[in-house]
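Numbering (the working numbering), first residue to last: 322 to 417.
Glycine is no exception: its CB is placed at the ideal position from the N, C-alpha and C atoms.
Quick caveat, the model's predicted, so the values are computed rather than measured.
Okay, structure coming up:
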C-alpha cells in the first residue's frame with residue numbers, strides 16, 4: 322500500500338547521501354571536526370553539545386555516546402549536553 326512512498330523516500334535519502342559524499346569538502350570538514358574533538362580531549366577539554374527541539378535529543382545522544390561505550394569498550398570521553406532538561410533544572414535550582 323505504502324511501498325512506493327517508502328521506496329521513494331529512501332531513494333531520496335540515498336541520493337542526498339550520495340550527493341553529500343561526492344563533495345570532498347564535506348569529508349574534509351568531518352575530518353577537521355574529528356581532529357578538533359580528539360585534540361580537545363588530549364588537552365583535557367570536554368565537548369559541550371546543545372540543541373533545540375529534536376536536535377536537543379541529538380545533542381544528548383552525542384554526549385551519551387562519548388561518555389559511554391560506542392562501537393567498542395573504551396573509557397568514556399568528557400561530554401555534556403547542556404540542553405539536558407535535568408541539567409538545566411539542576412542549574413536553575415542551584416543558581417536561581
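Residue i versus residue j - alpha carbon distance
i, j, result
"residue 394", "residue 375", "28 Å"
"residue 411", "residue 329", "45 Å"
"residue 367", "residue 354", "14 Å"
"residue 386", "residue 358", "14 Å"
8 Å Cβ cutoff met for residue i and residue j
i, j, result
"residue 403", "residue 378", "no"
Assigned secondary structure, residue i (DSSP; H/G/I helix, E/B strand, else coil)
i, result
"residue 370", "strand"
"residue 346", "helix"
"residue 400", "strand"
Endpoints, the alpha helix (DSSP H) within which residue i is located
i, result
"residue 380", "375 to 388"
Nearest-angstrom Cβ-Cβ length linking residue i and residue j, presumed shorter than 8 Å
i, j, result
"residue 388", "residue 380", "Not quite, the Cβ-Cβ distance comes to about 13 Å (not below 8 Å), so this is no contact."
"residue 341", "residue 347", "5 Å"
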